[in-house]
Structure formats: structure tokens, C-alpha cells
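Which chain is which? The protein sequence lines are A and B, in order. For the first sequence, position 189 matches number 169 in the working numbering, and the numbering has no gaps at all. For the second sequence, position 189 matches number 169 in the working numbering, and the numbering has no gaps at all. C-beta: ideal position from N, C-alpha, C; glycine also.
Number of protein chains: 2
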Amino acid sequence: MKQITVYDIAHEARVSVATVSRVLNGTAPVKASTRERVLEVINKHQFQPNALARSLIKKESGMIGMIMPDIGNPFFPEVFLGAEKEARARGYAIFLCNTMGEQEKESEYLALLQEKRVDGIVFLGGRINQVRSKAELARELVDCASRLPVVLVNGNMPRVSLPRVITDEAAGFRLAAQHLIDLGHRELRFIGGEGSVTATVQKVQALKAVMEENGLPFRPDTVLYGGFSIACGRSLMQTVLAEENRPTAVMCVNDSVAVGAVKAALEAGVDIPGELSVTGFDDTLLATSITPELTTVSQNSHALGEQAVQLLHQMISGEKGRKLTVLEPKLICRQSTGPVEIPGI
Amino acid sequence: MKQITVYDIAHEARVSVATVSRVLNGTAPVKASTRERVLEVINKHQFQPNALARSLIKKESGMIGMIMPDIGNPFFPEVFLGAEKEARARGYAIFLCNTMGEQEKESEYLALLQEKRVDGIVFLGGRINQVRSKAELARELVDCASRLPVVLVNGNMPRVSLPRVITDEAAGFRLAAQHLIDLGHRELRFIGGEGSVTATVQKVQALKAVMEENGLPFRPDTVLYGGFSIACGRSLMQTVLAEENRPTAVMCVNDSVAVGAVKAALEAGVDIPGELSVTGFDDTLLATSITPELTTVSQNSHALGEQAVQLLHQMISGEKGRKLTVLEPKLICRQSTGPVEIPGI
DNA sequence: TTGAAAGCGCTAACAA
DNA sequence: TTGTTAGCGCTTTCAA
């Protein structure tokens, strides 16, 4: 089953390969009648030019790589969707690389994508989200970025200056915290995430700032780390509910944790938002899956992916593109938060 | 920023390009000392061979395409995860192509992937899941499959015989239906899906069969089509609840619809499973996100992706591979189903 | 408006 | 054990 090539087409249409290439790409005028003839042969054989050969010579592959931690977390498919839409519009196909945040997989994929000569890489999670990450890992990324355009999404690496598209997560978290305080909550908790992950730390700091602004004490036990999954949210909430002096509001690092937290509370017979307010983060489809629906912060995940690819495309095209794009998050008030109950009423 | 090539390496290591290629691929013995020298130069320059050039000559690209309807539906990321794991183990990278079931996008991606010379394609949803699909679309797929390995996941096209990996969805649905009947339910409903989609029709027919086996009447109004989303589940449940004689159990085409349905019921003050039992399908993360947790049917989505890529790999390697792989679904009993309430007790 | 021919960066005979 | 060389299928000067 030999592949058909421009030579076969050229021969059958009695022209040269150059002409075939010209009608294929419209790079130079071709007499109408000749073009007709060539097109006919192309259609007849359902000829599809070999993009590998073309890429080899044009030095652009029309492929971009997207490295992300966990497509199983509903936030990431949404980012992908935004990225894909933009990519498709510009003729790129996307390699989706899932790393579970494992740095070894990140390294492997980084190398693989470079060998495949992708035109650029969008990088999410993992090493670009560590408070302290090994110099080795940073160097790898910088090295990669020296060969091809790389844009970071929702991350930041100490000592590494690469173009980024981010949501101002701290601002978003401040919104949610202030919302709770405005509702009368005085005793807040933060659950989920990891102290080693930038996105988590930013949120904790935002919470701390807002609490202090409002004259509320931020104690070390205000924060309970533990992870990003539903299961972890559930177990953390169980811990919180077992405490001596229960908080009236619990802020979760993301929607998944919030879902687990809400479930644990419901199981314990705690009324939400009557007795306890809960907030999520990201506004994924999980937020509206549960009852009560989650008050959460929208990152506009779709736009994040879209902007990242847009920027990448600019860089690929040799334009400068802005170093930093910040998307403003939005507080989405739903049913999981409410005024604090006045005891005795 | 000129790319480094085997020539540069060869020159600097004072050997021929053939030798460089040999140490790169281990295709022929190279004297240890020579290898050392070459490796050194390679490392020094962080040389990464151009996979495009290699693919061009080896006629294999190490890329596979995965076409699916909606990565935003939690079922599909799980399939992807299984596929990716298997792909990575065999050295492939995956192009993820999202079509929203639109046939035009499917066609575009099909063409794109062929041009890019992927080694094979995994196809899900859309045209392979239509009860009647245009001959044109079938031909396109067959055409594609005549050029490269294609495996269909959870689908089937009339008149098209391609290797498939599927879950026996009908069997799964029978399990769930029988479970409800065993719990004493006599008045069942099916909601969600589309009458034009095979996966939906199979489920409806399974339900019909089980009901008839158990001497229950299957009436046209047993079925309420409408789509696959949470929103649709919600509105369909509202319709059901407004009916004269409410059913005691509602079976949903998938977990998303079930989630919407449960929410609508809860909002209407209906107790689940006390007054109403609800089942989902797919056992996605949504099933355990809500309270009560969903009784549902597990498709083993991960295995689906895994097996598909495994089969694809066999085909790429020239092995035959089985025409049809059927995965057995499992009933997962959770909290959304229970015995029918005896009125008056 | 067209064709001849020189690569793109690699692998794999074939020779040595 | 190593080198020479002919492609893989395409685009793109350069010349006609």
C-alpha cells in the first residue's frame, strides 16, 4: 500500500512536482487549466500531502504540546477546551500530556515534545507551581524555552522568567473571604491544597490578609492542608467538624475539595448554609452538580487556555506578546454560603 | 538559532553521521570509545534528533490521534487517561481532538490526522454512534481506515466493519433495571439521551426487555429523550415530577443527567431514595460527588482507553488483533436507589 | 507560467 | 567497526 506522493500526482497530471506544490499551497500563480488538471488527479487519488515532509522543510510542525497535571480534574478539561478552540482556528493540533504533577513525567514529555518539534508548549501545574522547586527542573524548562516558545499557565517559577497567563487567584480568594466576613462569619477555616504549592499558599495568604484587615485573628490552625481531591475534602471536613470550636465557614482550595467537604457535612447532619458556609474555587461543573450549589470563584478556565494559545501563536509568529496576562476572577454566589446564624434565635 | 543536526555531532566527534545514528538508535555495534566520544558531544549540545526527519524515513510517527465528542464530560477524560497510559508505555504521544459530536469537525480532524501521518486513530462518539448516519460519513471513515489503523470505541456504524472495543452497555443497563425491579419498583422511567444515538437506543431496548421479562408494561411514555447534560437531566426530571402518576424509579442515560435529575428532585422536596430511586450510568466522578451518591453502572472507562490503544498498537505492528473486544460493565449500588415505599406504612 | 534540482535531518543499505 | 551515499516527500530557489 504505497503512499501517493507529489511525484505520482505530477507524473499523472504531466507537470512537475513544483507545480503540484504550487497548486497545493497557492504559493505561485498556476495557469487555470493546469491547476484544474492537477486538482483532478489529486481528488481522484484522495491525495493527502505528507505533513511530516512539509514540516521538515518549513521548520514548523503545526503541533503544539500541552502539559497538564490531571485531565481528570474538571478544571483542566475546560482549559483544554479553550486552548483547542484557539489552536484549531490557527491550524494547530494539540498533544495532550498528562503528568499527574510528577516531575519525571514532565521531563519526559518535555523531551518528547521537543523531539517531535512541536511549535510551542503550554505548561500547567507541577513544577511551575512549587514554592521551591529544584534548580535542575527550572533549568530544564528554561532550556526548553530557549529552543521554542513556552507559555506558563497559572504558575510561576522562582528564578524563571517566562511568558505567563494567569488568573489572579489571590484576588479571587480575597473576594470569597470578604464575602464570608460580610455575611458575619468570624471563625473561618481553610482546607485542602499543599503548603508546597504556590496556588495554595497564595490563597492562604489572601485569606490571612483579609482576616487581618477585618480584625480577625489568623491562627496557624486556621489552615488544614491535605490535597486536592474529593476524598481529601471529605476527610478534612470530618476533622474540622470534630474540633472543639467549630468554624462557621470553611473555604476550600478548589471545588473538588469543597464537594467532599459538603458531603461530609451533610452526612454529619450539618445544615449548609444554615450552620456552616462552604466555598469552592474554580467554578467547575462540580460546583453546580451538588446540592446546595457551591459558592465559588470562577477562573474563566476557558479563557485561560484560549489566551495561552493565542500568546503562544504570537510567539511562534515571531511577535513579542505580553510577558504577563492576568485574568480577573469572579465571585459566584450560590447556595453554599449564607449569613451566620445568631445563636439563640 | 540553527538547529543542531547529526552532521554537527558527527563532525565534532570526528565520525560519520551513520555512526551517530547508530549510537542514537543502537542499531549496530559501535566501539565503546567511539560511542563515548559521540555521546559526549551529544550531551554537550543537548542534541535532540529531529523526530520529523526520522518519521519521514521510518514511516512511523509515534503519534496517535484520539477523536472524542466532549472532554468536558467526565467520562471521556477517564478514557483518555487509560489510553494515554498505554500510549506512553509504547512511546506514542496523543493528539486529542474534541468534536462535540459535530460531524464536520470529525471530518476535519480525520483529514488533519492523516496528513500528520499519525500511526493510528482511536475514534469515539459522533458518527459511530448514530442509529442512521450518512453513507458519506461512513465512507470517509472506511477510507481513512484503509490507510491506517482505526479502532472504534463504544460505537458501531451500520455497514462499517472496523475493530472495536466496547462496553456491553445493554447488559449494564439490564443489571440496573433488574436491580430496581428487584427492589419492588413497577413504574420505571428512562430519561435523557437521543433516539438517534445508538448508545441511547440500546439502553432503552435493554430496559424494555427487562420490563417485559418481568411482566411490566413498557409504554412509549416510559421514555423521555432530551440530551446528555446536567441541565437536561434537571429539566427532564421536572417534567417527570409534574406527571399524573409519578414513577417510583427513574433511570438516566448517564451520570450527568442523573445528577441533574437528583437535583431537581431534591429541590422539589422529593426524598431519594425514599420516594424515588434514580440510577446513573458510567460511574464518573459525578456519581460520588452528590448526596445521595449515585447507584450507577461502571463502564470501566480507563480499561476502554487502555484496550483501544493496545489493540491499535497491535494493528500498527502488523498483528491481527481481535475484531471485537467487549468489556463487561458492573452495577455499582450506592445510595440513590432503595426499596419502593409501601404506601400506607 | 513552468521545470530542474538542491536541500530539510534523518536512516539504512552497501562497501570497505 | 565505520563511512559513503541514496533516499523519505516535500518546498523553493533559480533559470528558462
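Item: F198(A) versus R169(A) - alpha carbon distance; Value: 9 angstroms
Item: Reduced DSSP category for C77(B) - H, G, I as helix; E, B as strand; rest coil; Value: strand
Item: Whole beta strand (DSSP E) elements within the stretch 33 to 118 of chain B, 3-residue minimum; Value: 43 to 48, 73 to 78 and 100 to 104
Item: Any 3 or more C-beta pairs closer than 8 angstroms across the stretch 203 to 222 of chain A and the stretch 237 to 244 of chain A; Value: yes
Item: Cα-Cα separation between T305(A) and L274(B), rounded to whole angstroms; Value: 41 angstroms
Item: Inter-residue Cα distance where the pair is M191(A) and I161(B); Value: 54 angstroms
Item: Segment contact flag, the stretch 80 to 87 of chain B with the stretch 293 to 307 of chain B, C-beta cutoff 8 angstroms, min 3 pairs; Value: no
Item: Reduced DSSP category for I22(A) - H, G, I as helix; E, B as strand; rest coil; Value: helix
Item: Alpha-carbon to alpha-carbon, T(-1)(A) and K11(A); Value: 10 angstroms
Item: Beta-carbon spacing of I47(B), L104(B) below 8 angstroms; Value: yes
Item: Same chain, Cβ closer than 7 angstroms to A125(A), five either side skipped, listed in chain order; Value: L142
Item: Contact with chain A by F60(B), beta-carbon distance below 8 angstroms; Value: yes
Item: Where I171(A) falls: helix, strand or coil (DSSP); Value: strand
Item: Min CB distance L90(A) to chain B below 8 angstroms; Value: no
Item: Buried/exposed call for H25(A), threshold 16 Cβ in 10 Å; Value: exposed
Item: Contact with chain B by E95(A), beta-carbon distance below 8 angstroms; Value: yes
Item: Those runs of the beta strand (DSSP E) which lie wholly inside the stretch 266 to 323 of chain B and span at least 3 residues; Value: 276 to 278, 304 to 307 and 310 to 312
Item: Proximal residues to K310(A) (C-beta, below 6 angstroms), its chain only, five neighbours per side dropped; Value: S278
Item: Cβ-based burial, Q(-17)(B) [other Cβ within 10 Å; buried from 16]; Value: exposed
Item: Under the three-state DSSP convention, the category L199(A) falls into; Value: The sequence shown places Arg at residue 199(A), rather than the Leu named in the question. Coil at R199(A), not helix or strand.
Item: Residue-level contact to chain B via CB, D123(A), 8 angstroms cutoff; Value: yes
Item: For A211(A), the three-state DSSP class (helix, strand or coil); Value: helix
Item: Run of the alpha helix (DSSP H) containing A229(A), from where it starts to where it stops; Value: Counting along the chain, A229(A) falls outside any alpha helix (DSSP H), though it belongs to the beta strand (DSSP E) covering A229 to C232.
Item: Cβ neighbour criterion (16 or more within 10 Å) applied to E16(A); Value: exposed
Item: Distance, V(-3)(B) Cα to N234(B) Cα; Value: 57 angstroms
Item: Close beta carbons around E58(A), own chain, < 6 angstroms, minus the five adjacent residues each side; Value: S281 and H282
Item: N-terminal and C-terminal residue of the alpha helix (DSSP H) that V177(B) is part of; Value: Counting along the chain, V177(B) falls outside any alpha helix (DSSP H), and DSSP gives it neither H nor E.
Item: Close Cβ partners of A186(B) (< 7 angstroms) along its chain, the five nearest in sequence each way excluded; Value: A150, F153, R154 and A157
Item: Reduced DSSP secondary structure (H/G/I, E/B, other) of V131(B); Value: strand
Item: Chain-order list of residues whose beta-carbon lies under 6 angstroms from that of S35(A) (same chain, five-residue window excluded); Value: S41
Item: Sub-8 angstroms separation of V250(A) and L221(A) beta-carbons; Value: yes
Item: Collapsed DSSP secondary structure at I146(A) in the structure displayed; Value: strand
Item: Cβ-based neighbour list, D263(B), same chain, cut-off 6 angstroms, excluding 5 preceding and 5 following; Value: T276, S278 and I312
Item: Any 3 or more C-beta pairs closer than 8 angstroms across the stretch 131 to 140 of chain A and the stretch 64 to 79 of chain A; Value: no
Item: CB of L90(B) within 8 angstroms of CB of G285(B), strictly; Value: no
Item: Nearest neighbour of S236(A), chosen from E(-8)(B), I270(B), A(-10)(B) and C77(B) [CA to CA]; Value: I270(B)
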